[in-house]
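Asker: I'd like to ask you about the structure that follows.
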Amino acid sequence: MHVVAKWTVLIEGVHSLKPMTSGWRRPSLLPLGLVVVAAVIILAGGTIRILDAGESCPDWPKCFGTWTFDVSEEEQLQWWEDNPDATEDTRGAGHTYNELEIFSEWVHRLLVGLVAFPILLNAIWMHRLRDTYGARVRNVAVLAGALLVMQAGVGALTVVYDNRDWTVALHLCMATIWTSTLLHQYHAMRMIEGVSWGIFSTSGAFLAKQRRRTDAFAAAVLVLLALGAWVSSTAPGAQYNQACSIGFPDGWPACRGQLLPSMDHTGILVQMVHRTGALVVGALLIFGAARIKTASRKAGEPLALAGAGGFVGGGGGGGCPGGGGG
47 MHVVAKWTVL
57 IEGVHSLKPM
67 TSGWRRPSLL
77 PLGLVVVAAV
87 IILAGGTIRI
97 LDAGESCPDW
107 PKCFGTWTFD
117 VSEEEQLQWW
127 EDNPDATEDT
137 RGAGHTYNEL
147 EIFSEWVHRL
157 LVGLVAFPIL
167 LNAIWMHRLR
177 DTYGARVRNV
187 AVLAGALLVM
197 QAGVGALTVV
207 YDNRDWTVAL
217 HLCMATIWTS
227 TLLHQYHAMR
237 MIEGVSWGIF
247 STSGAFLAKQ
257 RRRTDAFAAA
267 VLVLLALGAW
277 VSSTAPGAQY
287 NQACSIGFPD
297 GWPACRGQLL
307 PSMDHTGILV
317 QMVHRTGALV
327 VGALLIFGAA
337 RIKTASRKAG
347 EPLALAGAGG
357 FVGGGGGGGC
367 PGGGGG
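Quick note: the sequence shown uses the working numbering, first residue 47, plus one each step.
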């Protein structure tokens, strides 16, 4: 009962907060802080990828049947003996992980669990402030919470299906969508708070005319990110990320020393589809941004929207951020 009372006091305190449009107490800092936390979670996932530790916790939500990361090699082997129906590690029976590898996966899961509370707080607060920020911001905050739950579920899928390429690609791209949702909430709140950013001075009529083009930008980048995640995922015995060999120039821009290699290996096909997609999407973004820039000048609109498209066009191309654990 004492715990329930403390939660009640906390939520009532959140309800009583008045919107602040300036200073460190303004409500828009909450989604911005969550974006930072999301970036940390993605970096933790990337560390898992670097350490090749995506299978270091073969069960979910526990890790080798425990809630800690301190699991000795003997305890790992014993867990496999006690769970003969568990999906075997792709490195083969008897493979064990060191403490750092297990810790990277464990802390990744921990961060996702810890961020659940501020995500819930975000949804409750935005519901209370809906008269100030509107139902749209409240709905985006609720969506961010739903996406976090879905992301945790997809993370569990990567464990159940032993980091199959499609689960990793889905997991990484869900992380991108979740982070983008929080960033969208922050931008929407700052616009309502009256911040003088150039992109917010673009008229609604002009944005409506460019909506189809900007939606195409977003969809194209998401597809490219999914392709990048597919390349970075290692199917059992495949290693798509090394299919074109490594190093410059044989591994890139060439593939096994050829600009147009034979497609007799699935990994090579995936690599070339990703590279071709990068060229197509890059061209789409650059030429699309140029069209928006021309239209902006003719309409006397700020060039911030075109600048954003040009920035993405110049920097787009890799796979989804993050790493391969649950």
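Note that beta-carbon positions come from the ideal geometry of N, C-alpha and C, so glycine has one too.
Please report how far the alpha carbon of ARG155 lies from the alpha carbon of ARG337, in whole angstroms.
Answerer: 43 angstroms
Asker: Are there 16 or more other CB atoms within 10 angstroms of the CB of GLN304, so buried, or fewer, so exposed?
Answerer: exposed
Asker: Provide the residue span of the alpha helix (DSSP H) that contains LYS255, from first to last.
Answerer: 250-278
Asker: Only counting the same chain, and skipping five residues up and downstream in sequence, which positions put a Cβ closer than 8 angstroms to that of VAL161?
Answerer: LEU80, VAL83, ALA84, ILE87, LEU194
Asker: Under a three-way DSSP split, which group does GLY356 fall into?
Answerer: For GLY356, the pLDDT reaches just 47, beneath the cut-off of 50, and the residue's location in the model is therefore unreliable, although a value from the coordinates is still provided. Helix at GLY356.
Asker: In the DSSP output, which residue or residues are listed as bridge partners for THR112?
Answerer: CYS109
Asker: Judging by CA-CA distance, which residue of ALA262, ALA198, HIS320 is the nearest neighbour of GLY159?
Answerer: ALA198
Asker: List the residues that DSSP assigns as beta-bridge partners of GLN304.
Answerer: CYS301
Asker: When the Cα of PHE115 is compared with those of TYR143, LEU189, LEU123, TRP152, which residue comes out closest?
Answerer: TRP152
Asker: If I measure Cβ to Cβ from SER118 and keep anything under 6 angstroms in the same chain, skipping five residues before and after, which residues do I get?
Answerer: none
Asker: Evaluate TYR207 with the Cβ neighbour count: other Cβ atoms within 10 Å of its Cβ, from every protein chain shown; 16 or more gives buried, anything less gives exposed.
Answerer: exposed
Asker: CB VAL214 to CB THR227, shorter than 7 angstroms?
Answerer: no
Asker: Please state the DSSP three-state secondary structure of VAL214.
Answerer: helix
Asker: Just the Cα atoms here: how many angstroms apart are LEU325 and LYS339?
Answerer: 21 angstroms
Asker: Give the DSSP-derived three-state secondary structure of HIS154 in the structure shown.
Answerer: helix
Asker: Mind checking MET220: buried by the 16 CB within 10 Å criterion, or exposed?
Answerer: buried
Asker: Would you mind working out which of GLY328, GLN288, ILE332 sits nearest LEU315, comparing C-alpha positions?
Answerer: GLN288
Asker: Rounding to the nearest angstrom, what Cα-Cα distance links CYS103 and THR112 in this structure?
Answerer: Distance from the CA atom of CYS103 to the CA atom of THR112, rounded to whole angstroms, is 10 angstroms.
Asker: Check whether the Cβ atoms of VAL183 and ALA169 lie closer than 7 angstroms to each other.
Answerer: no
Asker: Can the beta-carbon of MET235 be found closer than 7 angstroms to that of TYR286?
Answerer: no
Asker: Taking CYS109 as the reference, give the member of ALA202, HIS320, GLY92, ILE165 with the closest Cα.
Answerer: ALA202
Asker: Per DSSP, what kind of secondary structure is MET309 in: helix, strand or coil?
Answerer: coil
Asker: How many Å lie between GLY328 and ARG71 at the Cα?
Answerer: 40 angstroms
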